[in-house]
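In our numbering, the protein residues as written are 75 to 312.
Ideal Cβ placement from N, Cα and C applies to all residues, glycine included.
Note that the structure is a prediction, hence the values are computed from the model and not measured.
Structure first, commentary second.
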Ligand code: UDP
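Below, the structure is given as structure tokens:
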């Protein structure tokens, strides 16, 4: 499988057409952005880690009955995925307070919730990805009622599987963002990526941050944190 026309270049990935209209190739970059593109930088080796990690986690999720766009890893940065039309919602699951949740509601980070929460943002950079509820998503025609129900069911199932997996690596899954897509027949599948760019991952013992917050908050040791979380995943999947 080879890359043909570049369809799109995002903040962290490029997307190419292939000779098969139902398949695309995504290519992971080392570019990092935060705060809706306001902060820019490079995390050396991030693209390789995010590609491998996302693929392995999606494969694990497939084994648990969660449909994903993952098809085949081509190289250290390139992966074949199923072409979908992306549902323009950022789906965020939280197990523990952090980030924008703590800021918005004026609470400390690290409060363990009795049960996981879900929230949606409208995927729209110009508007700064505003928070919205199910009814707003329906009113805007972003998804149908059935699609929203399916997305919620899948997102919580992903949380159960990822939480258990990371716990086995001595890592606490604090929160994460998912994106879903529609296949031509209307089926909803998991798309985009699952990586330290899109998840908050804390060492279970020390609470050390092993994710993109090290970049967002200028904590230093960014590359080391990505390497450490990849090392733990490799160890668990050996
Ligand atoms: N997240 C993401 N992309 C975004 C916004 C959030 O991948 O555009 C992830 C982020 O890494 C974290 C979770 O979603 O794991 C919740 O992020 P939050 O809403 O707290 O926003 P942030 O504090 O990152 O702005």
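From the DSSP secondary-structure annotation, give me the bridge partner or partners of residue i.
i	result
residue 265	253
residue 196	163
residue 240	BP columns for residue 240 are empty, so no partner.
residue 153	100, 147
residue 83	88
residue 168	191, 249
residue 274	249
residue 186	170
residue 283	276
Assuming residue i contacts residue j (C-beta within less than 8 Å), just tell me the rounded distance between them.
i	j	result
residue 196	residue 216	7 Å
residue 100	residue 155	6 Å
residue 284	residue 302	6 Å
residue 250	residue 161	The pair is not a contact, with the Cβ atoms about 17 Å apart (cut-off 8 Å).
residue 307	residue 127	6 Å
residue 87	residue 300	Between residue 300 and residue 87 the Cβ distance is about 16 Å, and since that is not below 8 Å, they are no contact.
residue 91	residue 79	5 Å
residue 199	residue 110	6 Å
residue 252	residue 165	5 Å
residue 171	residue 184	7 Å
residue 89	residue 81	5 Å
residue 85	residue 105	6 Å
Hey, which unbroken runs of the alpha helix (DSSP H) at 4 residues or more fall wholly within the segment 102 to 148?
For the segment 102 to 148, whole alpha helix (DSSP H) runs of length 4 or above, ordered along the chain, are 120 to 137.
In the segment 201 to 231, which residue ranges form an unbroken alpha helix (DSSP H) of at least 4 residues, counting only runs that do not cross its ends?
208 to 213
Contact between the segment 272 to 283 and the segment 240 to 251 is defined here as three or more beta-carbon pairs at a separation below 8 Å; is this criterion met?
yes
Does the segment 255 to 267 touch the segment 142 to 155, meaning 3 or more C-beta pairs lie closer than 8 Å?
yes
Is it a yes or a no for the segment 204 to 211 touching the segment 177 to 194, going by three-plus beta-carbon pairs under 8 Å?
yes
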